[in-house]
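Written below as structure tokens is the structure these notes are about.
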Amino acid sequence: MSGLTVQNRDIVIPGEVLAEGMDFLPGENTYRESDKIYSKVLGLANVSGRVVKITPLSGPYVPKVGDKIIAKVIDITMSGWRVDTHTAYSAMLNVRDASSRFIKKEEDLSKILAIGDFIVVTIINVTSQNLIDVTMKEPGLHKIEGGRIIEINSQKVPRVIGKQGSMISLIKTKTNCEITIGQNGLVWMKGTPEGEMQAEQAIRLVEKKSHLEGLTDKVEAFLGGK
Amino acid sequence: MVYKKRFDGRKDDELRPMEAKVGVIPNAAGSASFKIGKTWAIAAVYGPKDLFPRFLQDPKKGLLRCHYSMMPFSGSGERIRPGSNRRAQEIAMVMTKALEPVVDLSAFPNAVVEVYVELPQTDAGTRCAAISAASMALAQAGIPMKDMISSVAVGKVDNKIVADLSYMEEQVHEFNPESKDATVSDIPMAVVNNTKEITLLQMDGEISKEDLLSALRLGQKALDQVYQLQKKALKESFVKE
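If you read the sequences in order, they're chains D and S. If you're matching positions, the first sequence starts at 1 in the working numbering and goes up one per residue. If you're matching positions, the second sequence starts at 227 in the working numbering and goes up one per residue.
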């Protein structure tokens, strides 16, 4: 017997057989043992051509170069800041990556970023041991002032952003909030208190129903139609 | 040769009624509740997170650390002193060893994934319920796993080879006046679902080789029921509407 044993978008659990025979190739979060392909995580089966992969529905954030994340300053060192990335690994923000202006050697770094500040940064380097370097020099990266930060499942971030940002721009216009989503699952929003509340509820709705299709319509209905 | 009918009227290969649910603790990365008869285990998974003390850190892969705890009035007898004790530490160790073969933490060097299991109510088979619950909680937390682990106890009560012993059966000489000198063997086992590899096998009491083998065969069949329930619970946790 050979062929797929699951349908596209089926929910599968670790160890479930996805395909039998050599007609299919194991993609992300799957593995092959003898002639069967098994799932490695809890998620949605995704068949594209001959490749079977799993889109995880939960799980820890794995840092990747180029990801925009929201981080918290936890320590100040000689050469920069140590930031908490909301994973098992903290990251380093070097002085020269912190600002486009020149920072003098004797300057007090806590005047620029104090312990406890939240910042929007991008990851510029990740080693095999998950040592992370971040930068704040690119456009759109800044220190966070005001608003609120909520925590969502990092695997649901793509759904909250939506195709070409459709979901997030919908929430932004409906609630009049400024929203920044970090790939690590931290979301910052700033607007009126009511708007922030509504935006949070909308994001929670997306998080809860992320495995369903037609989500943008559901969220639009939740936020009060056209 | 007098333990004819099981105390609760089950067939020899019948398990106590089971119930499983995932996502019972919203603050945890993953969580699960697993009930079998009166035994009830709640597992919560946290992490991966920074590992302390630092000498435990492994730069090649993450560490899996289990914690097992029975609540003060969970048993049928006296109050159990809360917190860790020698027995809890040993069970936590065998749980870790039972789960480790399927959990892949190579992506999380120097980190730890913590599994906490609480038992609000116990009636034999707690380590098995704990492992079954922990396996579901790890899956729900999205930790990469090769497979699921299912666990159940088998054994021999007097002359009968049975699955999923209750506390009364473990103490049959106390509860069945005609089995005063009976021997009881209680064999908790845990198995990787696809390969049927055994990751936990312990025994209390004594048993002959033939009986042990037939008990293990009985266990493999019983474990399939546990696995089907775990699978159903994990899939049902996603709302359809």
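From the three backbone atoms N, C-alpha and C, an ideal C-beta is built for every residue, glycine too.
Query                                                                                                                                  : Result
Reduced DSSP secondary structure (H/G/I, E/B, other) of aspartate 412(S)                                                               : strand
Extent of the continuous alpha helix (DSSP H) to which threonine 322(S) belongs                                                        : 312-325
Exposed unless 16 or more other CB atoms sit within 10 angstroms - verdict on glutamine 155(D)                                         : buried
Same chain only: Cβ atoms within 7 Å of glycine 263(S), ignoring 5 sequence neighbours per side                                        : Arg242, Pro243, Asp349 and Ser392
9 Å Cβ cutoff, leucine 215(D) in contact with chain S                                                                                  : no
Where threonine 192(D) falls, given that 16 or more other Cβ within 10 Å makes a residue buried                                        : exposed
DSSP three-state assignment for glycine 43(D), whether helix, strand or coil                                                           : strand
Segments of 4+ residues assigned as alpha helix (DSSP H) that fall wholly inside the region 125-171 of chain D                         : 157-161
Neighbour list for phenylalanine 278(S) in chain A, Cβ cutoff strictly below 9 Å                                                       : Absence of chain A from the displayed structure is noted, the protein chains being D and S.
Cβ-Cβ separation, alanine 314(S) to serine 295(S) (assumed contact under 8 Å), whole Å                                                 : 6 Å
Proximity test, lysine 457(S) beta-carbon vs the ligand SAH heavy atom, cut-off 8 Å                                                    : This structure lacks the ligand SAH, and indeed carries no ligand of any kind.
Rounded straight-line distance, which links the Cα of alanine 199(D) to that of serine 108(D)                                          : It is worth fixing the name first, because residue 108(D) is aspartate in this sequence and not serine. Their backbone Cα atoms lie some 37 Å apart in a straight line.
DSSP three-state assignment for leucine 438(S), whether helix, strand or coil                                                          : helix
Contact set for tyrosine 229(S): own chain, Cβ-Cβ below 7 Å, skip 5 residues either direction                                          : Val383, Asp384, Asn385, Lys386, Val398, Asn402, Ser405 and Ala408
CB contact flag (glutamate 28(D), glycine 3(D), <9 Å)                                                                                  : no
For isoleucine 251(S), three-class secondary structure by DSSP                                                                         : coil
Cutoff 8 Å; reference arginine 50(D); Cβ partners in own chain excluding five residues on either side                                  : Asp23, Phe24 and Leu25
Nearest candidate by alpha-carbon position, reference cysteine 177(D), set Ala202(D), Ser48(D) and Gly185(D)                           : Ala202(D)
Beta carbon proximity, alanine 45(D) to chain S, threshold 9 Å                                                                         : no
Rounded C-alpha distance that separates aspartate 412(S) from lysine 231(S)                                                            : 18 Å
Residues, ordered as in the chain, of the region 325-336 of chain S that lie near chain D by beta-carbon distance below 9 Å            : Val328, Asp330, Ala333, Phe334, Pro335 and Asn336
Rounded distance between the beta-carbons of histidine 211(D) and leucine 93(D), thought under 8 Å                                     : In fact, because the Cβ distance is near 35 Å, the residues do not count as touching under 8 Å.
Where serine 58(D) falls, given that 16 or more other Cβ within 10 Å makes a residue buried                                            : buried
Cβ contact (3+ pairs, closer than 8 Å) linking the region 281-298 of chain S and the region 336-344 of chain S                         : yes
Contact set for serine 99(D): own chain, Cβ-Cβ below 8 Å, skip 5 residues either direction                                             : Ile112, Met136 and Lys137
Sequence-distant residues of the same chain with beta carbon closer than 8 Å to glutamate 467(S), five excluded per side               : Low per-residue confidence applies at glutamate 467(S): pLDDT is 48, beneath 50, and the placement is therefore not dependable enough to give any value.
Residue span of the alpha helix (DSSP H) that contains tyrosine 393(S), given as start and end                                         : 393-396
Contacts of serine 79(D) in chain S (Cβ-Cβ under 9 Å)                                                                                  : Residues of chain S passing the Cβ test: none, with the nearest at roughly 21 Å.
Which of helix, strand or coil DSSP assigns to lysine 190(D)                                                                           : strand
Proximity test, Cβ basis, 9 Å: lysine 386(S) and chain D                                                                               : no
9 Å Cβ cutoff, glycine 27(D) in contact with chain S                                                                                   : no
Beta-carbon contacts of glutamate 337(S) that lie in its chain and below 7 Å, excluding the five residues immediately before and after : Position check: residue 337(S) holds alanine in this sequence, whereas glutamate was assumed. Hits under 7 Å: Gly273, Pro274, Lys275, Asp276, Leu277 and Gly288.
C-alpha distance - glutamine 446(S) paired with serine 440(S), whole-angstrom precision                                                : 10 Å
Whether isoleucine 123(D) touches lysine 72(D) by CB criterion (9 Å)                                                                   : no
Classification of methionine 78(D) by the beta-carbon crowding that lies within 10 angstroms, buried from 16 upward                    : exposed
Distance CB(proline 60(D))-CB(lysine 40(D)) smaller than 9 Å                                                                           : no
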